[in-house]
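Notes for the one structure printed next.
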Amino acid sequence: MELRSNEPTGPIENRWDKHKEANKLVAPANRRKYTVIVVGSGLAGGAAAASLGEMGYNVKCFCYQDSPRRAHSIAAQGGINAAKNYQNDGDSIYRLFYDTVKGGDFRSRESNVYRLAELSVQIIDQAVAQGVPFAREYGGLLGNRSFGGAQVSRTFYARGQTGQQLLLGAYQALSRQIEAGTVEMFSRTEMLDVIIHDGRARGIVTRCMKSGKVSPHIADMVVLCTGGYGNVFYLSTNAKGCNCTAVWRAHRHGAAFANPCYTQIHPTCIPQAGTYQSKLTLMSESLRNDGRVWVPRRKEDVTKRPEDIPEAERYYYLEERYPAFGNLVPRDVASRNALYVTNDGLGVGPEVDGERRGVYLDFGDAIGRLGEQTIRERYGNLFDMYERITGDSPYKTPMRIYPATHYTMGGLWVDYNLQTTIPGLFAGGEANFSDHGANRLGASALMQGLADGYFVLPFTVGNYLGEVRTLPPLTEDHADVIGAVEAVEERVQKLMNAPDPKHAPEYFHRKLGRIIWTKCGMSRNKEGLEEALREIPKLRDQFWREVKITGSGEELNQTLERAGRVADFFELGELMCLDALKREESCGGHFREEYEENGEALRDDERFSYVAAWEWTGNPGEPRLNQEPLTFEYVKPTKRSYK
Amino acid sequence: MQRALTLQQTTIGKKVIMALSGLIIVGFTIGHFLGNLNLYLGPEAMDGYAEKLQSLPPLVWGTRLVLLFALGAHISSALSLWARNRQARGSRYQKRKDLATDYAARTMYWSGPILLLFIIYHLLHFTILPAHPGEVYRNVVEGFQDPLIASVYIVGNVALGFHIFHGIYSAFQTLGANHPRYNSYRRDAAIAISAAITIGNLSFPIAVLAGIVTL
Amino acid sequence: MSEELLNLTLHVWRQDGPNASGRFETYQAKEITTHMSFLEMLDVVNEELIENGKLPIAFDHDCREGICGTCGMVINGVAHGPQKLTTTCQLHMRQFNNGDEIWLEPWRASGFPVLKDLVVDRTALDRIIQAGGYISIRTGSAPEANEMPIAKAIADHAMDAAECIGCGACVAACPNASASLFTAAKISHLSLLPQGQAERQDRARQMVAQMDAEGFGGCTNHGECEEACPKGVSLRWIARMNRELVRSMVKADTPIESRKR
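Protein chains in written order, with the numbering used here: chain A, 2 to 644; chain B, 75 to 289; chain C, 3 to 263.
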C-alpha cells in the first residue's frame, strides 16, 4: 500500500491556499448531478452535509440516532479553540499550530495542523453568524477562557454546553438544506457496509433501524464522519450508541487504519459504582483548578470516611510528585498517577470487581479559602450533576474521580484531502486520525470536527469529483451492489443464529472492555498487551458462538444493533493492542511502562516518528503495517517535562 | 397537513381570539356587576338604572352585538381547540400526574359549558321571559328568594370565578405578557379581578336569601 | 454513599410496532442497587429477559448524561420521572423505595407515533426546525465574529432558550400534547439575537404553522411543560412566540407559502 499524503509544499502558511488554488472545481450547474453520501451528523458530518447541500450537491446524510441533532458532539462541555487573539495575549495561528503539534507529542502532520489552526478563526465567525450564543463580555464582545493549561485565552464557550450549541448550529444549517431539498436525511439508519465498485467507494449498505430493511444507497462518493471508537473500552464517556462499525467496515475494504493505540483518557470522571454501570460521566477538567487530589496514605484508611482522615494521613500525590504543576499536571499524567495509587491499594469508594478505583478531589480547602458561594458560582452545575449521579454533595464531602476514556486520536488514515486509501472514501472529524497526533489538546475536538466539515471537505469533495468527472453508472442490480447487500444480510443472519446462544451482547462487550481497559488503557506493557492479544480472539470466538439475540432482524431490534457493533469492536480492539505492542515508545496518550524516564513518557523519534497505517489482510490478527514518516520543518521535537 | 396561512388558522391565533374575546366578556362582566350594585340601593335605583339603559338602544344593542360576537368567537375557538387537543393526545396515559395545573385550569372545559348554560338560563330568567316585565328589582328579589334559583346563580358564579381566574391569567400569557419581574402581578391581578366579581355577584343571591335585601 | 438493594415491580407499556395495539406487562426488577441509574436498572431487566429468550424492553437512549435528548419515558405519570430538572438517563434509583410499583409509558402524542414499546418517533420536531429554525448563512460567508457586539444579557437570554435538548418531554407532559415550548424555545433563541432579525417574521409563521401541521395540540397555559422540562426552559418563551407570531401576521406583506429559499 502506498501512502501519499498529498501535502502541498512551500511555506506552511500558504499551503492551504495554494492547495485550494490548484483544486479541481465542479461548476455550480453540474453539482446536482453528483450524489454525495455523508455518514454521521455530528459536527463534522452535519457541517459537511449542510455545506455540500448548500453548494448544490445532491447529499444523502445518515445517522443512527432518531435525529441528526443527537450526535455525541453534543456532549462536549468545555469549549472550542480559535486563534482569534481577542484577548491580546499574543495568540496567533502559528502559536495554536505550535501548541497543537507539541500537544500531539510530535505525531501529527504539520501541514494538516497548520490548516486546522488557520481555519479555527473562520469557525467562530461561522458559528456566531448561525446564532450560536457564545459567552460574551459586558461590552458585548465574545468572551474567552484559558483551557487545559493553555498559556493564552483562546477558548470560546457557551456555558458548559459548547458542543451542544455548535452542534445545534450545524444541525440548523443541515435542517435548512433538508427543507431546501438538497439534503435527504436518513435518521435511525445504520451504515453496515461500503459498496466498492471499480476500486472506488460508490455507496453504502444500510439497515433501517425501524423496519430492519437492508438497502443499498449508490452515490459518487462517500464521506464518513462517524466519530471515535472509545466504546471499545465498554465504559467510556461516549454515548452508548457510539461505535466503530462504519470505519471498521471501510477498513475491511482496504481503508488503512491509523494509530489505533492513541486513545485519550480524561482524568476527572465519576468512578464506576458497580458492575452494571453502563457509562462514565465526565466532569469538566476545570475542577482541578480548585480541587486537591488525594488518597489515604495507608491502605487501612480506604474504607474510612474522608472527613475522618487527618491531614497528615492524606497523600496529595500530584502535589508531592509534581511540585511545579501540582494538581494541574496534563491529563495523561494525572490519569496515570490515579492508576498507580489505586494499583497500590489506596483507591477509595465502592469496591467493583474486587478493586477500589477512585481518588478524592477535595474542595474543602477552596471552600475554606474562597467561601462556598464562590465555589458554587464556579462549579455549581458540575456539583449538582455529581450529586445527582452519586448522591453525595461535593460541598460536604470530597468528590471521587477516576480517569475514563474520552476521545480517540486514531482513526481512518487520510491524506491532506481527508481521503482514505480507498478512492472516493473520505473521513472527517474524530473518525479520521489526522490532526491530533498522539494526544489531543482540550477544546480542540470541536475545532477539528467543524474545520473538516465546513471548510475542508466542501473543497476536497469538489476536487475529487472534478478530477474523476464522470464515474461509470452503477445500478442496484450490479453484482458489486448485490454482493454487498447480501454480505450484510448474511452477517445479520449469522448474528441472529449463533450456534449456542447464551448471553446478550452486553455480556461480551463488558468482558472485552475489561481486557482493553486493563491491558491497553492508561498504562501498557508488552506482557499485558500480548496477554490481551491471546484473550481477545478467544472471547471473539465465544461471542460468535454464544451471542443471544431475541426477536427478529426485520423489526426494531436494539439487541441486534448492539451485537453488530460489539462484533466490530472485537476486531478493532485487537488491532489497538497490536499497534500498542508495536509502538515501543511512549508518546501522548500511548504510555508504555517499558519506555519511561522518571515516570515521564519517553518518545523514540528515531524509530517511531511515523504514522502507523494498518492494512486489513483478511485475518484480524495479522494486519499489515504501513508507515508514513513524519517530518517536522517548523516545530522541532522536544521533550516534555512537568516535574 | 397544509401549513396554516392566517393567524386565526393557527392554534396560537385561536388562543389570541379566545383571550381578546374573553377580555371583552370579562370587561362586560365587571360593568354588569357594578350596575347590579344598584340592588342594594333599593327598587327605585335598580329599576331606574334599567330604564336608563333601555332608553339608550344604541348602547344596549351595540353591547349585545359585541358580546354576541365575542361569545361566538370565544366558543367556536374553544370548540376547535378542544377537538384538536383531544386528537393531539392520541392514546391516554394509564397514570398521569399533574405538576403545575391548578383546579381552575383543569376544569376549564367544565366551567365553560356550565357558564354557557348559566348565561342562557340567566337571559331567559331576567331578560327574555321575566316574571314581571319592567320590574327588575322585583324579578331579582323574588327569584333569589327561591333557594333553587339562588343555588343556580351560586353555582353559575362559582364556575364564572374559576373560569375567569384561569382565563385572565392565561390571557396575559397568550397575548405575550410574560416577564419575570412582573409575572407575580399577573396572578395577583387574575385573583383580584375574579375574586371581586365572584364575591360581588354571589353577594346578591346570598343577601336575598339572608333577608338583607327584601321586596 | 450508603447502598441499598431494591426490589421493584415494573408495569411496562409493550407495543410491537406502530400499528400494533399495546398492553402493559409486569416485570420484577430484583436486587437493584440505589447507585444504578434508571436506565441501568432497565438494562439489568433486559439482559435477564434476553437470557431467558424473551424480547427486551425497547427504549431510546444515547449519551446517558442528560444532553442528547434521546431518552425519555413517562414514569409514574411524570415525563422523565420524579426528579426535577433531570432526564430519564440521569435519574438514579435512590429516588425510589424498596417495593415500589413503577409504571412506564412512552411519550403519548399523535405527533409522536410509538415505534416500539417506549420508543417514539419524534421526527416531527425536526420538521419544525426545518420549517425555519435556523439563520440562513452560507458557509464561509460569515462576517468577523466581533463586528456585531451583543449585550451580555441578550446573549445570556438567547442561551437560556437555546438550552432545549429536543427530548419532547414538554409534549408528553402537556395535557394537549402541544409542542409550544419546544417551538417557542427556538423561535425565541433566534429572535433575540441580531443575527436572527432578517428572517424573524417568516421564521415565527413558518415554525408555528409546521407545529400545527404536525398535529400537536394548542397551548392552554397550564405550565406542565415547564415543570417537566429537564433543562428548565421557561414558559416565557411561549409568550414571546405568541408575540412574534401576532406581530409577523400583522406585518406580513408576503403570503406565507410563497417564501423563497
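Using N, Cα and C, we set each Cβ at its ideal position, and we do this for glycine too.
- Between the stretch 40 to 52 of chain A and the stretch 216 to 235 of chain A, the count of C-beta pairs closer than 8 Å reaches three or more; the two stretches touch.
- Each residue's CA atom was taken as its position, placing B/Ala251 and A/Leu168 some 32 Å apart.
- Relative to the Cα of C/Asp45, the nearest Cα in the group C/Val121, C/Ala60, C/Arg96 belongs to C/Ala60.
- With a 10 Å radius around the Cβ and a threshold of 16 neighbouring Cβ atoms, A/Gln628 comes out exposed.
- Secondary structure in the stretch 119 to 180 of chain B: the alpha helix (DSSP H) runs of 4 residues or longer, each lying completely within the stretch, are 131 to 163, 177 to 180 in chain order.
- DSSP lists no beta-bridge partner residue for C/Met243.
- Counting only unbroken stretches of 4 or more residues, the alpha helix (DSSP H) elements lying wholly within the stretch 180 to 259 of chain C are 182 to 194, 202 to 215, 226 to 230, 238 to 253, in sequence order.
- By the Cβ-count criterion, B/Leu153 is exposed, with fewer than 16 other Cβ atoms from all chains shown falling within 10 Å of its own Cβ.
- Between A/Gly200 and A/Pro424, the C-beta gap is smaller than 8 Å, which places the two residues in contact.
- Interface residue (Cβ-Cβ distance to chain C less than 8 Å): A/Thr560 is classified as such.
- Exclusion of the five residues before and after A/Ala339 leaves Pro268, Val360, Tyr403, Pro404 as the residues of its chain whose Cβ lies within less than 7 Å of its Cβ.
- Between the beta-carbon of B/His237 and that of B/Gly186 there is about 6 Å, and that keeps the pair under the 8 Å contact cut.
- DSSP, reduced to helix, strand and coil, places C/Ile34 within a strand of the structure shown.
- Judged by DSSP in its simplified three-state form, A/Gly412 adopts strand.
- Distances from the CA of A/His20 to each of A/Val27, A/Gly105, A/Thr10 were compared; the closest alpha carbon is that of A/Thr10.
- Taking C-alpha positions only, B/Lys126 is separated from B/Ser95 by approximately 27 Å.
- The Cβ atoms of A/Lys300 and A/Leu347 lie closer than 8 Å to each other.
- Here A/Ile38 is buried: its Cβ has 16 or more other Cβ atoms, across all protein chains shown, within 10 Å.
- Under the 10 Å beta carbon count, B/Ile286 is surrounded by fewer than 16 other beta carbons and is classified as exposed.
- As a beta-bridge residue in DSSP terms, A/His267 pairs with A/Ala405.
- Using a 10 angstroms sphere on the CB of A/Pro297, the tally of other CB atoms reaches 16 or more, which defines it as buried.
- Among the residues of chain A, those whose CB is under 7 Å from the CB of C/His37 are Ala274, Gly275, following chain order.
- The stretch 104 to 112 of chain A makes no contact with the stretch 176 to 191 of chain C: fewer than 3 CB pairs, one atom from each, lie closer than 8 Å.
- As for any alpha helix (DSSP H) of minimum length 4 sitting wholly inside the stretch 114 to 164 of chain C, the runs are 125 to 132, 154 to 164, ordered along the chain.
- A direct Cα-to-Cα measurement between C/Leu127 and A/Met56 gives close to 26 Å.
- Identification of chain C residues near B/Asn252 by a Cβ-Cβ cut-off of 7 Å yields Leu237, Arg238, Ala241, ordered along the chain.
- Between A/Pro395 and B/Ile271, the alpha-carbon positions lie close to 53 Å from each other.
- From the beta-carbon of A/Asp126, the residues of chain C found nearer than 8 Å are Ala144, Pro145, Glu146, Ala147.
- Rounded to whole angstroms, the separation of the alpha carbons of A/Arg315 and A/Ile94 is 43 Å.
- The three-state secondary structure of A/Glu191, taken from DSSP, is strand.
- Each of A/Ala128, A/Asp605, A/Asn145, A/Thr246 was checked against the Cα of C/Pro145, and the nearest Cα belongs to A/Ala128.
- A/Gly450 and A/Ile81 have their C-alpha atoms spaced approximately 10 Å apart.
- Secondary structure of A/Thr551 (DSSP, three-state): coil.
- Per DSSP, the continuous beta strand (DSSP E) segment holding C/Leu10 begins and ends at 7 to 16.
- Using a 10 angstroms sphere on the CB of A/Arg584, the tally of other CB atoms reaches 16 or more, which defines it as buried.
- Contact of C/His191 with chain A is assigned, a C-beta pair being separated by under 8 Å.
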